[in-house]
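S.K.:
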Amino acid sequence: MDPLSALLANKAIQGVTGALTRNSTTDTQDTESTSEGFDALLRQYITASDGENVSEEELFAAIVQERIESLKGTDAAEEFGSMLEANKADMTRGDGYVPVEDAVYKTLREAVESGMLTKEEKNTIRDHSFAAAQLDDNASALYDNRGGVGDPTIAVAEMEAALLSARGIIEQIEGGTLTTEAAPAAPDPVADTSTTSEGNKVISPNGTHIDGNDGFVFKPESDHEKKLVVLLPSNLANNVTDLVLKDEDGNTIEEGRSSGYANGGREHFRFNRAGKDYPENITVEVSLSDGSTISYEIPNPELRYD
33 MDPLSALLAN KAIQGVTGAL TRNSTTDTQD TESTSEGFDA LLRQYITASD GENVSEEELF
93 AAIVQERIES LKGTDAAEEF GSMLEANKAD MTRGDGYVPV EDAVYKTLRE AVESGMLTKE
153 EKNTIRDHSF AAAQLDDNAS ALYDNRGGVG DPTIAVAEME AALLSARGII EQIEGGTLTT
213 EAAPAAPDPV ADTSTTSEGN KVISPNGTHI DGNDGFVFKP ESDHEKKLVV LLPSNLANNV
273 TDLVLKDEDG NTIEEGRSSG YANGGREHFR FNRAGKDYPE NITVEVSLSD GSTISYEIPN
333 PELRYD
């Protein structure tokens, strides 16, 4: 090769090498920027109850909001966040426990009802977030950070490790290298319902479970008055003549005052004291217009039942 050709060839090689280096640097910077953005959003949305440790349920809630922001924008994510916080407050139990996963599912349903998300978008966001929130080797459930005596259902991780894990799974999903399955729908524990010889129903809770979201609620302290409020299922609307609290001997303790309908058409009944001020093993007796009654057994009125 003559000197001139060699010089031109060398310059061409240098040009290609420079271009490859610039492209590689740009790709690396883009990846780092995307990763930093994902982590920043999750940090913004995570409400960790244990300092720098985060549970699977808390991580799940944050990823759902990040996915909504990625798909629908900041305004939608902020609106969803406000709805979620309202549901978490409404579902907080008497001992302070917040069922975060249940609150997220309820808010996702409401997002579909309001038109924020389609049903398909809701399912995709739920399934991807469920997969990305896994911090242990049980991929079929999400755990909180509470557990208890004989209850090993705890899954937490340090914040940085949790963010790294979630980001890695989301990147695999978006890159097409990981396929997620539908998030399992854990069956609700079923309250025990019996019928007396007079045709009246008696409902005994399973733990603190009665009938799930949008049904009966025994809330020991209302948000504003901090006194007991009872919400009845919407299918009893305009069919209730009165509602009373009875002690375990069947004596009437107090009659509830109807304050109207809200929260999905459910009638609210209010009382003079907080749940903790009533004796154990009380019953909420609902009298219906057809003469029958529905009695909800409440073993510990300090706790929320729903």
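Quick note on the numbering used here: the sequence shown kicks off at 33 and runs consecutively.
Glycine residues also receive a C-beta, built at the ideal position from the N, C-alpha and C atoms.
Keep in mind it's a predicted model, so treat the numbers as computed, not measured.
So for F250, helix, strand or coil by DSSP?
M.R.: strand
S.K.: Where A118 and L174 are concerned, what is the direct C-alpha to C-alpha distance, given to the nearest angstrom?
M.R.: 21 angstroms
S.K.: Have a look at the DSSP bridge pairing and note the partners of D274.
M.R.: S319
S.K.: Count Cβ pairs between the region 189-200 and the region 82-94 that sit closer than 8 angstroms; are there 3 or more?
M.R.: yes
S.K.: CA-CA distance, I285 and T273?
M.R.: 17 angstroms
S.K.: Work out the CA separation of S324 and R158 for me, nearest whole Å.
M.R.: Computed Cα separation, rounded: 41 angstroms.
S.K.: Using a 10 Å radius around the Cβ and a threshold of 16 neighbouring Cβ atoms, would you call K258 buried or exposed?
M.R.: exposed
S.K.: State the beta-bridge partners of S290 as determined by DSSP.
M.R.: According to DSSP, S290 bridges with F301.
S.K.: Is the beta carbon of I201 less than 8 angstroms from the beta carbon of A171?
M.R.: Against a cut-off of 8 angstroms, the Cβ pair of A171 and I201 comes out as no contact.
S.K.: What does a CB cutoff of less than 8 angstroms around L320 pick up in its chain, not counting 5 residues either side in sequence?
M.R.: The answer, listed in chain order, is L268, N271, V272, T273 and I326.
S.K.: Please go through the region 96-170 and give each complete alpha helix (DSSP H) segment of 4 or more residues, from N-terminal end onward.
M.R.: 106-123, 132-146 and 151-164
S.K.: Compare the beta carbon distance of G297 and E334 with 8 angstroms and say whether it is the shorter of the two.
M.R.: Not a contact, by the Cβ cut-off of 8 angstroms.
S.K.: Does DSSP put E190 in a helix, a strand or coil?
M.R.: Reduced to three states, the DSSP call for E190 is strand.
S.K.: Counting beta carbon pairs with one atom in the region 143-163 and one in the region 90-105, are three or more of them shorter than 8 angstroms?
M.R.: yes
S.K.: Can you tell me which of the three DSSP states R87 falls into?
M.R.: Looking at the sequence provided, one finds Ser at residue 87 rather than Arg. Of the three classes helix, strand and coil, the one that applies to S87 here is strand, per DSSP.
S.K.: Assign T63 to one of two classes, buried (16 or more other C-beta atoms within 10 Å of its C-beta) or exposed (fewer than that).
M.R.: Any reading at T63 is ruled out, since the residue's pLDDT is 45, under 50, leaving its predicted position unreliable.
S.K.: Measure the C-alpha to C-alpha separation of D338 and L275 and round it to an integer number of angstroms.
M.R.: 17 angstroms
S.K.: For I235 and E329, which I take to be in contact (beta-carbon distance under 8 angstroms), what is that distance rounded to the nearest angstrom?
M.R.: 7 angstroms
S.K.: When the Cα atoms are used, what is the spatial distance from H300 to V262?
M.R.: 6 angstroms
S.K.: Exposed or buried, what is R75 when buried is set at 16 or more other beta-carbons lying within 10 Å of its beta-carbon?
M.R.: exposed
S.K.: Taking the alpha carbon of A121 as the reference point, which residue from E110, A72, T139 and P237 has its own alpha carbon closest?
M.R.: Relative to the Cα of A121, the nearest Cα in the group E110, A72, T139 and P237 belongs to T139.
S.K.: Go ahead and label T240 buried or exposed: buried means 16 or more other beta carbons lie within 10 angstroms of its beta carbon, across all protein chains shown.
M.R.: buried
S.K.: For the beta strand (DSSP E) that T227 lies in, which residues bound it at each end?
M.R.: For T227, the enclosing beta strand (DSSP E) begins and ends at D224 to T227.
S.K.: CB D336 to CB K278, shorter than 8 angstroms?
M.R.: Reading the sequence as shown, one finds Arg at residue 336 and not Asp. No, the pair does not count as a contact, with Cβ atoms beyond the cut-off.
S.K.: My guess is that L195 and D71 are in contact by the Cβ rule of under 8 angstroms, so how many angstroms apart are they, rounded?
M.R.: 5 angstroms
S.K.: Could you say which of G288, Y77 and E317 lies nearest to N304 if we only look at CA atoms?
M.R.: G288
S.K.: On the CB-based measure, 16 or more other CB atoms within 10 Å of its CB, does E312 come out buried or exposed?
M.R.: exposed
S.K.: How should S291 be labelled, buried or exposed, when 16 other C-beta atoms within 10 angstroms of its C-beta is the threshold for buried?
M.R.: Counting the other CB atoms within 10 Å of its CB gives S291 a total below 16, which places it among the exposed residues.
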